Amino acid sequence: MDWHAPTWGSEGVTKFIDLTLNGISTGAVYAAVALALVLIWRATRIVNFAQGAMFMFTTFIASAVIDSGGSYWLGFAVALACGFVLGALVERIVIRRVEGGPPLNAVIVALGLLILLEAIAGMIWGNTPRSFPPAFSIRGYEIGGTRVLFAPNDTFTVLVVIGTALALRALFQRTKLGLQMRAAAFQPEVARMLGVRVGRMLTLGWALAALVGSLAGVLIAPSVFVGPNQFDPLLVFGFTAAIIGGLDRPEGAAVGGVLLGLVLSYVSGYEGASLVTLAALVLLVVVLMIRPGGLFSSTRERQV
Amino acid sequence: MSGKRTVRVVGCVCVATIALIAGGCGSKGNSTGVSSTSVTFGTHQPLTGPAAPGYSEIAPASVAFFEYLNAQGGIYGRKIHLIIKDDVYNPTQTVNVVHGLVLNEKIFGIFEGLGTPTHTKVVSFLNTEKVPDLFVASGCPCWDNGTAQPYTFGWQPNYTIEGKILGQYIKQHFASSKVGVFYQNDDFGKGGLTGIRDELPASQIVSAQPYEPGITNVAPQISSIKASGAKVLVDFTVPIYTALGQLASFTLGYKPQLVSSSVGIDPTTVGGLLKTFSKGKAGTELIEGAITDGYLPSVGEVSNPWIALFKKVHDTYDSSAPFDGNVEYGMAAAYTLAQALQLAGKNLTREGVVKALNEKGAQLTGPGLVPYRYSTSDHGGYAGAQMGQVKGGVITQFGPRLITTPEASSPITTYTTPQAAPPTTGVSVP
Amino acid sequence: MRLPSRIRPPRLTLARSLGFVLLAAVVLALVSEALSSYNDLQLANGAYYFAVLAGLTLLTGLSGQISLGHGALMAVGAYTVALLIGNEHWPVLPALIAAVLTSAVVGVLVGAAATRLRGPYLAGVTLAFAVGLPALAGKYPSTFGGANGLVINPPTSPSWLGQSFPLERWEAWIACAGALVVLFAIYNLVHSAVGRSLQAVRDDEIAASLCGLRVARLQTLAFVVSAACAGLAGGLLTLVLQLAAPGAFTLGLSLALLTGVVLGGLGSILGAIWGAALLVLLPIWSNDIAHAFSFSTNVTNNLPLAIYGLVLILAMLLWPSGLQGALGLLGLRVSTSLKNRASTRYPVGGAGQERAAARRGGASPPQGREEEEVR
Numbered sequence: 418m419d420w421h422a423p424t425w426g427s428e429g430v431t432k433f434i435d436l437t438l439n440g441i442s443t444g445a446v447y448a449a450v451a452l453a454l455v456l457i458w459r460a461t462r463i464v465n466f467a468q469g470a471m472f473m474f475t476t477f478i479a480s481a482v483i484d485s486g487g488s489y490w491l492g493f494a495v496a497l498a499c500g501f502v503l504g505a506l507v508e509r510i511v512i513r514r515v516e517g518g519p520p521l522n523a524v525i526v527a528l529g530l531l532i533l534l535e536a537i538a539g540m541i542w543g544n545t546p547r548s549f550p551p552a553f554s555i556r557g558y559e560i561g562g563t564r565v566l567f568a569p570n571d572t573f574t575v576l577v578v579i580g581t582a583l584a585l586r587a588l589f590q591r592t593k594l595g596l597q598m599r600a601a602a603f604q605p606e607v608a609r610m611l612g613v614r615v616g617r618m619l620t621l622g623w624a625l626a627a628l629v630g631s632l633a634g635v636l637i638a639p640s641v642f643v644g645p646n647q648f649d650p651l652l653v654f655g656f657t658a659a660i661i662g663g664l665d666r667p668e669g670a671a672v673g674g675v676l677l678g679l680v681l682s683y684v685s686g687y688e689g690a691s692l693v694t695l696a697a698l699v700l701l702v703v704v705l706m707i708r709p710g711g712l713f714s715s716t717r718e719r720q721v
Numbered sequence: 062m063s064g065k066r067t068v069r070v071v072g073c074v075c076v077a078t079i080a081l082i083a084g085g086c087g088s089k090g091n092s093t094g095v096s097s098t099s100v101t102f103g104t105h106q107p108l109t110g111p112a113a114p115g116y117s118e119i120a121p122a123s124v125a126f127f128e129y130l131n132a133q134g135g136i137y138g139r140k141i142h143l144i145i146k147d148d149v150y151n152p153t154q155t156v157n158v159v160h161g162l163v164l165n166e167k168i169f170g171i172f173e174g175l176g177t178p179t180h181t182k183v184v185s186f187l188n189t190e191k192v193p194d195l196f197v198a199s200g201c202p203c204w205d206n207g208t209a210q211p212y213t214f215g216w217q218p219n220y221t222i223e224g225k226i227l228g229q230y231i232k233q234h235f236a237s238s239k240v241g242v243f244y245q246n247d248d249f250g251k252g253g254l255t256g257i258r259d260e261l262p263a264s265q266i267v268s269a270q271p272y273e274p275g276i277t278n279v280a281p282q283i284s285s286i287k288a289s290g291a292k293v294l295v296d297f298t299v300p301i302y303t304a305l306g307q308l309a310s311f312t313l314g315y316k317p318q319l320v321s322s323s324v325g326i327d328p329t330t331v332g333g334l335l336k337t338f339s340k341g342k343a344g345t346e347l348i349e350g351a352i353t354d355g356y357l358p359s360v361g362e363v364s365n366p367w368i369a370l371f372k373k374v375h376d377t378y379d380s381s382a383p384f385d386g387n388v389e390y391g392m393a394a395a396y397t398l399a400q401a402l403q404l405a406g407k408n409l410t411r412e413g414v415v416k417a418l419n420e421k422g423a424q425l426t427g428p429g430l431v432p433y434r435y436s437t438s439d440h441g442g443y444a445g446a447q448m449g450q451v452k453g454g455v456i457t458q459f460g461p462r463l464i465t466t467p468e469a470s471s472p473i474t475t476y477t478t479p480q481a482a483p484p485t486t487g488v489s490v491p
Numbered sequence: 002m003r004l005p006s007r008i009r010p011p012r013l014t015l016a017r018s019l020g021f022v023l024l025a026a027v028v029l030a031l032v033s034e035a036l037s038s039y040n041d042l043q044l045a046n047g048a049y050y051f052a053v054l055a056g057l058t059l060l061t062g063l064s065g066q067i068s069l070g071h072g073a074l075m076a077v078g079a080y081t082v083a084l085l086i087g088n089e090h091w092p093v094l095p096a097l098i099a100a101v102l103t104s105a106v107v108g109v110l111v112g113a114a115a116t117r118l119r120g121p122y123l124a125g126v127t128l129a130f131a132v133g134l135p136a137l138a139g140k141y142p143s144t145f146g147g148a149n150g151l152v153i154n155p156p157t158s159p160s161w162l163g164q165s166f167p168l169e170r171w172e173a174w175i176a177c178a179g180a181l182v183v184l185f186a187i188y189n190l191v192h193s194a195v196g197r198s199l200q201a202v203r204d205d206e207i208a209a210s211l212c213g214l215r216v217a218r219l220q221t222l223a224f225v226v227s228a229a230c231a232g233l234a235g236g237l238l239t240l241v242l243q244l245a246a247p248g249a250f251t252l253g254l255s256l257a258l259l260t261g262v263v264l265g266g267l268g269s270i271l272g273a274i275w276g277a278a279l280l281v282l283l284p285i286w287s288n289d290i291a292h293a294f295s296f297s298t299n300v301t302n303n304l305p306l307a308i309y310g311l312v313l314i315l316a317m318l319l320w321p322s323g324l325q326g327a328l329g330l331l332g333l334r335v336s337t338s339l340k341n342r343a344s345t346r347y348p349v350g351g352a353g354q355e356r357a358a359a360r361r362g363g364a365s366p367p368q369g370r371e372e373e374e375v376r
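Residue numbers (my numbering), protein chains in the order written: chain L, 418 to 721; chain B, 62 to 491; chain E, 2 to 376.
Following this line, the structure appears as structure tokens:
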């Protein structure tokens with residue numbers, strides 16, 4: 418493709434602004450996925466590869482609700498509720514049995530769940546992607562006579578993600594429930610001795626994470642369409658964002674997501690789409706070489 | 062290693078071997094997939110995975126048309142069967158699946174193998190084994206060389222041919238407008254871009270932005286095209302990316318004249334993806350007025366006798382699928398395969414089918430609006446297309462039917478022979 | 002099966018394993034003669050899967066470092082062979098050696114980065130690597146063939162085998178030869194001082210370091226060895242299938258490799274053999290089962306995948322130690338082994354245990370047995 422050097426005339430400035438705004442809106446979406454992954458990690462020390470498939474499934478359900486006449490917000494609420502239930506069910510039935518064992522087994526189980534959920538979605542709804550409505554208008558704001566690459570729906574997405582990150586932070590830092598969840602994840606034996614219902618906390622952790630994931634799914638769906646495999650790239654980028662931010666803090670997920678979104682947007686705009694996945698790798702390596710636990714990691718690297 | 066463990070390992074190898082043999086048993090039929098009552102073909106398709114949308118409808122539609130023919134007795138009394146195998150658009154799977162079809166299921170030939178990165182990996186095997194490789198579902202020029210690959214035949218028009226025809230239309234109607242091209246970063250998009258560049262002066266094409274399938278954020282590319290001032294946007298995209306491009310254009314308030322290849326503009330498919338963004342139920346508002354090319358009659362042209370035939374077959378044998386361009390593709394290709402079998406004569410052999418196509422293929426008429434390029438040396442498919450425009454959510458075709466070859470600067474000529482009507486039963490051959 | 006841990010002297014492992022490998026070569030040659038061409042192709046597939054799985058199980062099981070990127074390392078080897086044989090017309094053996102070397106070099110880079118990372122962070126980097134590296138094919142299409150990738154001519158069997166020697170059987174021979182080389186190398190590496198050092202590092206980094214082991218160097222070595230195996234496997238794939246394309250080296254491949262290693266039995270060479278067999282046979286079986294019924298199109302298309310996913314979940318729930326662990330349990334008769342299991346159920350070093358468990362991808366010492374016994 419033809420590479421045009423970034424110019425700093427008005428077109429160049431417009432392009433830079435557009436790419437920045439695009440980076441923020443796509444980054445908010447990666448942050449939403451990352452938040453769900455961080456939540457499950459903090460609650461159960463498992464990386465949930467099935468996250469993308471779980472919120473694909475709940476988004477399909479929401480889509481079915483909306484297609485049969487329900488309002489958007491009804492579909493939204495149904496998606497969140499189904500996410501909560503699905504997360505709890507998955508934890509109780511499947512994950513509970515691999516929680517104490519080798520971490521790799523949980524990874525394999527999650528992969529199996531990913532494949533199974535995508536296949537079931539394909540069986541029920543077919544492989545053709547379908548359209549999903551946005552919450553608000555996607556017509557870009559008009560600034561100085563031109564429309565920019567940021568619309569009311571993007572504002573909604575960013576606000577929801579910030580709100581969720583803050584709410585999760587408050588949950589973990591300030592509430593007794595959050596403390597119990599953290600204790601159940603880090604020191605289940607000690608927590609049990611102190612009266613924490615560890616099993617229930619783990620289930621709650623997964624249910625909450627799936628709810629946040631469903632939120633991410635509904636926010637993303639308008640721009641990637643709803644289909645069994647449509648959310649797969651988002652899982653990869655969401656996971657990358659979570660790692661960049663550090664799996665320990667929700668604010669890490671938010672910052673990691675936006676940072677990743679911005680970098681990928683600039684690379685795509687100035688270098689071409691074919692370098693995007695490579696750029697994600699480079700960013701990840703650079704961040705982890707400086708801070709091996711992610712940007713917001715609390716533990717320092719152990720020197721021997 | 063202890064003796065006990067050696068025995069155990071050898072035993073494991075034996076078990077594995079037995080399993081392998083057992084997995085391979087059960088090949089049925091006679092040696093070349095043809096008998097007096099049936100002929101069996103195989104195909105590799107992306108039935109699941111990211112490439113499945115739309116494409117997974119094609120082979121079942123072909124099967125539906127074969128069932129229609131089989132109900133009438135088939136061709137020379139032989140029923141046509143099609144074994145469909147999923148390769149998930151992964152070339153490793155394609156090779157394994159096609160080897161299985163040829164060596165295990167012992168099919169007569171491969172029909173409608175889908176995809177360029179997938180099918181290019183089995184062409185050499187099929188030609189070495191002398192297995193007919195008919196009507197590859199891809200517009201790559203890879204299938205054109207009849208001398209080097211005598212058993213492989215293309216079917217749909219070459220992407221470069223489409224690009225040239227679209228480029229000529231732009232030259233005739235938008236000569237003073239800047240042109241931007243949004244294309245898939247593979248031979249489909251690049252082939253189309255080559256055709257466009259062949260017709261338009263370099264100064265007119267102000268921006269050419271490729272996208273990667275799998276990276277759904279195409280707003281940076283559309284933003285670049287908008288920034289270049291292009292008033293005409295040429296799309297060499299698959300339907301999902303046509304829709305994504307339109308969404309980004311909508312956000313940016315960018316309203317160029319859309320000119321799209323036939324691959325990515327099927328209104329049913331694209332409309333379905335954009336449904337919730339438009340006020341109308343069809344969802345085609347954003348692509349209304351788009352210019353495209355087509356080598357088969359538009360699915361929306363209900364008065365066309367071929368469309369009526371295909372709709373009848375669809376409603377009887379494939380009613381769970383939407384009646385869209387993919388289904389029409391599958392049925393039209395199936396018709397061509399049946400014609401090839403009819404041409405080959407009552408005594409059906411692999412060499413016979415290839416010879417028949419080489420000698421008489423170019424004279425075949427059918428649902429296509431233009432002729433085939435088939436000859437002994439040229440195995441390319443349809444030679445051109447007719448222009449069309451999306452009006453009221455369906456494609457209305459207009460203008461002369463145009464044919465050309467993929468070579469640079471080869472002329473684009475008009476084809477005037479009117480389209481033949483479909484036969485009432487079976488297929489018709491010269 | 003699990004002997005009490007004590008230092009075992011080498012005991013002529015080199016000569017014995019060489020003898021075993023030669024015996025296996027003869028057996029495989031005879032087996033390939035008996036199989037049909039299609040099954041020879043499946044045998045060849047299984048052979049190159051084994052090559053990469055053996056390296057991966059060394060890395061993940063013995064050295065405790067998770068990798069979600071071995072598909073990309075296979076791609077390095079595959080493209081090396083495709084470019085050397087296709088463009089430069091090298092013969093087969095030097096091309097394969099070159100594939101091993103290039104992927105080993107990449108393994109050094111990845112391994113060096115990996116030494117500072119643990120658990121999910123290592124998983125994340127290798128995942129990004131798996132997704133990002135094949136994109137180079139699209140960025141430099143003139144060299145790497147873009148989305149279509151590269152095609153090479155099939156390898157020709159030597160004339161002394163006869164004119165009618167089937168291509169698929171020759172491919173199976175090449176692939177099995179490569180697999181046996183990997184088997185020999187990995188087996189002897191595991192039963193050497195290096196292998197024991199790797200396990201020591203996995204179990205407790207601080208203690209190992211205090212004993213004088215160079216932790217980072219050993220971890221990088223494990224990565225390099227597993228990358229070399231993956232590169233060889235990729236080169237064999239190119240020879241068997243005559244292709245090197247980005248569509249063949251997706252993230253799905255890397256994840257499938259990981260599932261193969263765990264399902265077969267982590268940390269065990271026999272487990273790698275089972276895993277390779279599963280990777281080849283499971284898709285075929287699930288397809289056959291799906292087509293045995295006549296459901297609607299949507300269901301029939303997706304049923305093989307649903308079965309595959311279900312098998313993964315059930316296998317992990319029912320046989321957490323993989324197939325090899327399950328078979329070992331079946332064969333377990335010695336009561337002393339049972340007593341040994343019971344006595345090591347309680348963790349020895351608390352903090353080290355937790356760190357080791359958090360970092361590694363493999364089995365934790367009190368429960369797993371097979372990671373020390375690599376057959």
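Ideal Cβ placement from N, Cα and C applies to all residues, glycine included.
Predicted, not measured: the structure shown is a model, and the values here were computed from it.
C-beta neighbour in chain E for residue i, strict 9 Å
i	result
R514 (chain L)	yes
Neighbourhood of residue i by C-beta, 7 Å cutoff - its chain only, sequence neighbours within 5 removed
i	result
Q325 (chain E)	G265, G266, S269, L271, G272, W275, E371
V515 (chain L)	N522, A523, V526
Spatial neighbours of residue i in its chain, beta-carbon cut-off 8 Å, leaving aside the 5 residues before and after
i	result
T563 (chain L)	T431
A582 (chain L)	A448, L452, P667, E668, A670, A671
Residue i - partner residues in DSSP beta bridges
i	result
Q270 (chain B)	B:F243
I352 (chain B)	B:V320, B:Q450
E559 (chain L)	L:R564
G445 (chain B)	B:I464
L143 (chain B)	B:F102
Chain B contact for residue i (CB, 9 Å cutoff)
i	result
I555 (chain L)	yes
Short CB-CB distance (under 9 Å) between residue i and chain L
i	result
L60 (chain E)	no
R117 (chain E)	yes
K336 (chain B)	yes
Own chain partners of residue i with C-beta closer than 6 Å, once the 5 adjacent residues on each side are dropped
i	result
E206 (chain E)	V216
Cβ neighbour criterion (16 or more within 10 Å) applied to residue i
i	result
E606 (chain L)	exposed
L204 (chain B)	First, the amino acid is wrong: residue 204 (chain B) is Trp here, not Leu. So W204 (chain B) counts as buried.
V363 (chain B)	exposed
Q265 (chain B)	buried
V175 (chain B)	According to the sequence provided, residue 175 (chain B) is Leu. The question's Val does not apply to it. Looking at its Cβ environment, which holds 16 or more other Cβ atoms inside 10 Å, L175 (chain B) is buried.
Contact residues within the stretch 8-39 of chain E, judged by C-beta distance below 9 Å to chain L: none
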